[in-house]
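Encoded as structure tokens, the structure appears first; notes follow it.
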Amino acid sequence: MGRTDQASLLIHVPREAVFAALTSSDALSTWLPPEGMRGRFERFDMRSGGGYRLVLTYDDAADAPGKSSADSDVADVRIAQINPGERLVQEIEFEADHPALQGTMLMEWRVRSVDEGTIVEIVARNVPEGIRARDHAAGITSSLANLSAYLEP
Numbered sequence: 485m486g487r488t489d490q491a492s493l494l495i496h497v498p499r500e501a502v503f504a505a506l507t508s509s510d511a512l513s514t515w516l517p518p519e520g521m522r523g524r525f526e527r528f529d530m531r532s533g534g535g536y537r538l539v540l541t542y543d544d545a546a547d548a549p550g551k552s553s554a555d556s557d558v559a560d561v562r563i564a565q566i567n568p569g570e571r572l573v574q575e576i577e578f579e580a581d582h583p584a585l586q587g588t589m590l591m592e593w594r595v596r597s598v599d600e601g602t603i604v605e606i607v608a609r610n611v612p613e614g615i616r617a618r619d620h621a622a623g624i625t626s627s628l629a630n631l632s633a634y635l636e637p
């Protein structure tokens, strides 16, 4: 059983715009890769029961070897639930040989309207023990900052 990691951020745009950016392949490929990485989808089907396969490639893997290869992290994602405009639940499995990186991580994205815009909350449960907490926190925080920059030019 892995740990739970979480983060949140206020983004100064309407909730509908934020949720659209969470569910669009073009938007996700732009903002989801953390700093120092780029991403591409090998398949994409954003609906409950659908899913996607995401390949994240390190710009420089010297300090951060990948989970799936020397320079990449590959994730197979199943969409467990979508509540439009409110919540997205994903089951994520990393393509990895090392047992400490295997297992299913449950990632829940929630969006909530506030006077100033939208609060985006991420809760990742059952994070594989091979993913260091500080690295995961840095990745989640970077993705949230990218989302904000994408939506608030």
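Take any residue in the sequence shown, count from 1 to its spot, add 484: that is its number in the numbering used here. Glycine included, C-beta positions come from ideal geometry on N, C-alpha and C.
- Quick one: Cα of residue 560 to Cα of residue 527, how far? 10 Å
- Query: With distances taken between CB atoms, is the gap from residue 589 to residue 612 smaller than 9 Å?
  - Reply: yes
- Whole-angstrom distance between residue 619 and residue 537, CA atom to CA atom: 21 Å
- In terms of residues, what are the limits of the alpha helix (DSSP H) holding residue 510? 509 to 515
- Among the residues of its own chain, which have a CB less than 6 Å from the CB of residue 534, if the five just before and after it don't count? 563
- Message: When you compare the CB positions of residue 495 and residue 530, do they come within less than 9 Å of one another, or not?
- Response: no
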